[in-house]
Amino acid sequence: MKRRKRTEILIQADPSLAKNFAESIIRHYKCQEIVAPTYGLTMIKMRESAKQSLFYMGEVLVTEAKVEINQEVGIGIVVGMEEELAKHLAIIDAAYKAEVPETGAWLPELLEAERRITEDKAKKQAELFETKVNFETMDV
């Protein structure tokens, strides 16, 4: 599984999933905190649909952390004030870069979390469609 997809799943899933993964790594490996979770601002880049040109829509608050495991640096960046999640993401990223054996057992849990996220999104979408108003049937 690619890094981007894995990170999206960990952010959108139950926070205990990332916490459990990170704690399993902390128990067996020395995790050195390079940059403690800190807040910052980052620019949001968007694509204008008509001209297909890029522009910066504005800034968003992020929390960033960096951790080192076996000489491999992991980065965790998450929108909002989420210090714990950013640190857990950094530990998980470093574990994958260091190719520790524990990461091999995480794939089924990540796939299950992705399935639940997809189901939840579909359920919410169905609820929204139930409340949709059909303006063609309304009297003037």
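Residue numbers (numbering that gives the first Met the number 0): 0 to 139. Cβ coordinates follow ideal geometry from the N, Cα and C atoms, glycine included.
Would residue i and residue j qualify as a contact pair, given that the criterion is a beta-carbon distance under 8 Å?
| i | j | result |
| --- | --- | --- |
| Glu101 | Ile24 | yes |
| Glu32 | Val77 | no |
| Ala89 | Gly73 | yes |
| Tyr38 | Leu16 | no |
| Arg5 | Leu110 | no |
| Leu84 | Pro14 | yes |
| Glu71 | Ala104 | no |
| Lys18 | His87 | yes |
With DSSP collapsed to three states, give me the class of residue i.
| i | result |
| --- | --- |
| Ala35 | strand |
| Lys44 | strand |
Express the C-alpha separation of residue j and residue i in angstroms, rounding to a whole number.
| i | j | result |
| --- | --- | --- |
| Val132 | Ala125 | 14 Å |
| Glu113 | Ser52 | 32 Å |
| Met42 | Ile10 | 19 Å |
| Ala64 | Glu135 | 52 Å |
| Asp119 | Asn69 | 37 Å |
| Arg145 | Lys1 | Nothing can be reported for residue 145: it is not among the residues displayed for the chain, which extend from 0 to 139. |
| Ala35 | Ile116 | 29 Å |
Completely contained beta strand (DSSP E) runs for the segment 52-76, where each covers 3 or more residues: 53-68
The segment 10-26 touching the segment 85-96, judged by at least three CB pairs closer than 8 Å: yes
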